[in-house]
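Keeping their order, the protein sequence lines are chains A and B. Be aware that the first sequence starts at 1, since it is given in the working numbering, and climbs by one per residue. Be aware that the second sequence starts at 143, since it is given in the working numbering, and climbs by one per residue.
Protein chains: 2
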Amino acid sequence: MNQPIHLKSAGLKSTLPRIRVLNLFESSDEHHLSAEDVYKKLLATGDDVGLATVYRVLIQFEQAGLLVRHNFAGDKSVFELNQGKHHDHIVCLQCHRVEEFYDATIESRQNKAAAERGFTVQDHSLNIYANCIKPKCPNKPR
Amino acid sequence: MNQPIHLKSAGLKSTLPRIRVLNLFESSDEHHLSAEDVYKKLLATGDDVGLATVYRVLIQFEQAGLLVRHNFAGDKSVFELNQGKHHDHIVCLQCHRVEEFYDATIESRQNKAAAERGFTVQDHSLNIYANCIKPKCPNKPR
DNA sequence: GAATGTGATGTTAATGATAATCATTCCTAT
DNA sequence: ATAGGAATGATTATCATTAACATCACATTC
Numbered sequence: 001m002n003q004p005i006h007l008k009s010a011g012l013k014s015t016l017p018r019i020r021v022l023n024l025f026e027s028s029d030e031h032h033l034s035a036e037d038v039y040k041k042l043l044a045t046g047d048d049v050g051l052a053t054v055y056r057v058l059i060q061f062e063q064a065g066l067l068v069r070h071n072f073a074g075d076k077s078v079f080e081l082n083q084g085k086h087h088d089h090i091v092c093l094q095c096h097r098v099e100e101f102y103d104a105t106i107e108s109r110q111n112k113a114a115a116e117r118g119f120t121v122q123d124h125s126l127n128i129y130a131n132c133i134k135p136k137c138p139n140k141p142r
Numbered sequence: 143m144n145q146p147i148h149l150k151s152a153g154l155k156s157t158l159p160r161i162r163v164l165n166l167f168e169s170s171d172e173h174h175l176s177a178e179d180v181y182k183k184l185l186a187t188g189d190d191v192g193l194a195t196v197y198r199v200l201i202q203f204e205q206a207g208l209l210v211r212h213n214f215a216g217d218k219s220v221f222e223l224n225q226g227k228h229h230d231h232i233v234c235l236q237c238h239r240v241e242e243f244y245d246a247t248i249e250s251r252q253n254k255a256a257a258e259r260g261f262t263v264q265d266h267s268l269n270i271y272a273n274c275i276k277p278k279c280p281n282k283p284r
């Protein structure tokens, strides 16, 4: 009786694959995982889940508000637990490490810019691509 | 003798497909075009160019600094002429219309946020996903 | 201005990420 | 425990993009 609460209250039936995926996100130190990441990590721990199911569960979790999707470099999507507080991201081009930040001024000026032009903001994404300093950066494209 | 100047000075051999693609970007009212968009528009005008060539030319133009690539909704990339001045984008979720904006305060606060965390900014992208007002919005996913 | 070699092109096949299909299996309410 | 519908997994399909490779075009030399 770990996360079934979440699943139930999110309107999702409590199943083994869903519990496993949710557990993974809650226990992993890397908060940003792609479908492939999830699939491989579950394989590694013996908690096998089909790849198609991983994709489906991620979509369901996203729609249920449990996960948030990000499209960084363009090709593959990554997901992170939705902790309620919106934030933007800095992605290291070398090691792919992701750091989060929040700037209230940026947020408000975004909304202002959109409103001035007659747009109703639904969502927004701000990603900074950078190189992080040596000690922290293993310089390995994971 | 239209754009060959650009191509030459960009270190690119002046060829028919490249001239056609460049002309398209310079004459199109829609400034943001995907590879598929370019391919179809050239087909429509009879200026046939192979799809693979379109992809190659877009990459070359991007590397040469003639075009800038954006990854909006996640799946496909769109390109626009590089006019030198960086800007962010507001994308209408309904009609896919793209509007540009620039906010110096946002820019500086981004750099500040990255610097404070020990990152050397290489690039950044800020996209606002919104719905635009009726008169402007044909509400058609083009 | 024609030959020539390198680089560009187009067709087609391959790739990688993701979505759809469908038969089988698992929840949950009865 | 059982029935019924939703969830799963294996496989196949799809979509955007890239790779291969034989052919062809540009720019330069003669």
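Backbone N, C-alpha and C define an ideal beta-carbon position, used for all residues, glycine too.
> With L223 (chain B) and H173 (chain B) assumed to form a contact (beta carbons below 8 Å), what rounded beta-carbon distance in angstroms separates them?
Replying inline: About 7 Å separates the CB atoms of L223 (chain B) and H173 (chain B); that is less than 8 Å, so the two are in contact.
> How should Q83 (chain A) be labelled, buried or exposed, when 16 other C-beta atoms within 10 angstroms of its C-beta is the threshold for buried?
Replying inline: Q83 (chain A) should be labelled exposed.
> Is D37 (chain A) helix, strand or coil by DSSP?
Replying inline: In the structure shown, D37 (chain A) adopts helical secondary structure according to DSSP, grouped into three states.
>> Can you tell me whether I275 (chain B) is buried or exposed? The criterion is at least 16 other CB atoms within 10 Å of its CB, across all chains shown.
In response: Label assigned to I275 (chain B): exposed.
>> Can you pull the chain B neighbours of T105 (chain A), defined as C-beta to C-beta under 9 Å?
In response: Near T105 (chain A) (Cβ distances below 9 Å), the residues of chain B are T247, I248 and R251.
> Along chain A, in chain order, which residues have C-beta atoms closer than 9 Å to that of S267 (chain B)?
Replying inline: Ordered by position in chain A, the residues that pass the 9 Å Cβ test against S267 (chain B) are S125, L126, N127, I128 and Y129.
> Does the beta carbon of C237 (chain B) sit closer than 9 Å to a beta carbon anywhere in chain A?
Replying inline: With 9 Å as the cut-off, C237 (chain B) does not count as an interface residue toward chain A.
>> What does DSSP give as the partner residue(s) for I232 (chain B) in the beta ladder?
In response: As a beta-bridge residue in DSSP terms, I232 (chain B) pairs with B:E241 and B:I270.
> Which first and last residues belong to the beta strand (DSSP E) in which R211 (chain B) is found?
Replying inline: If you look at R211 (chain B), you'll find it in the beta strand (DSSP E) that goes L209 to N213.
>> Please report the distance separating the alpha-carbon of M143 (chain B) from that of N165 (chain B).
In response: Residue placement at M143 (chain B) is poorly supported in this model, since its pLDDT is 41, which falls under 50; the coordinates are not used for a value here.
> By DSSP, does T187 (chain B) sit in helix, in strand, or in coil?
Replying inline: It is coil, neither helix nor strand.
> If you run the structure through DSSP and keep just helix, strand and coil, what is E107 (chain A)?
Replying inline: In the three-state scheme derived from DSSP, where H, G and I count as helix and E and B as strand, E107 (chain A) is classed as helix.
> Out of A:S28, A:A35, A:L126 and A:F25, which has the shortest C-alpha to C-alpha gap to D75 (chain A)?
Replying inline: Ranking the options by Cα distance to D75 (chain A), first place goes to A:A35.
>> Pairs of beta-carbons, one from the stretch 113 to 131 of chain A and one from the stretch 156 to 165 of chain B, closer than 8 Å: are there three or more?
In response: Touching, no, given that fewer than three Cβ pairs across the two stretches are closer than 8 Å.
>> Taking DSSP's pairing of strands, which residues face T195 (chain B) in a bridge?
In response: Per DSSP, none; premise fails for T195 (chain B).
>> Assuming contact is defined by CB atoms lying nearer than 9 Å, are H89 (chain A) and N127 (chain A) in contact in what I supplied?
In response: Against a cut-off of 9 Å, the Cβ pair of N127 (chain A) and H89 (chain A) comes out as a contact.
>> Whether or not the stretch 186 to 197 of chain B and the stretch 44 to 56 of chain A are in contact is what I'm after, with contact meaning three or more pairs of Cβ atoms, one per stretch, closer than 8 Å; do they touch?
In response: Taking a cut-off of 8 Å for Cβ pairs, the stretch 44 to 56 of chain A and the stretch 186 to 197 of chain B do not touch, as fewer than three such pairs fall below it.
> From what residue to what residue does the beta strand (DSSP E) around E80 (chain A) run?
Replying inline: S77 to L81 is the span of the beta strand (DSSP E), which, as asked, contains E80 (chain A).
> Quick one: is F243 (chain B) near chain A, going by C-beta distance under 9 Å?
Replying inline: Taking CB atoms only, F243 (chain B) has a neighbour in chain A less than 9 Å away.
> Out of A:N111, A:T45 and A:V57, which has the shortest C-alpha to C-alpha gap to T15 (chain A)?
Replying inline: The option with the nearest alpha carbon to T15 (chain A) is A:V57.
> Can you round the beta-carbon distance between F72 (chain A) and V91 (chain A) to whole angstroms, since I take them to be within the 8 Å contact cut?
Replying inline: Yes, they are in contact, since the Cβ atoms of F72 (chain A) and V91 (chain A) sit about 5 Å apart, within 8 Å.
> Hey, out of A:Q60, A:E26, A:L67 and A:A114, whose CA is closest to G243 (chain B)'s CA?
Replying inline: Residue identity differs from the one stated: residue 243 (chain B) is Phe in this sequence, not Gly. Ranking the options by Cα distance to F243 (chain B), first place goes to A:A114.
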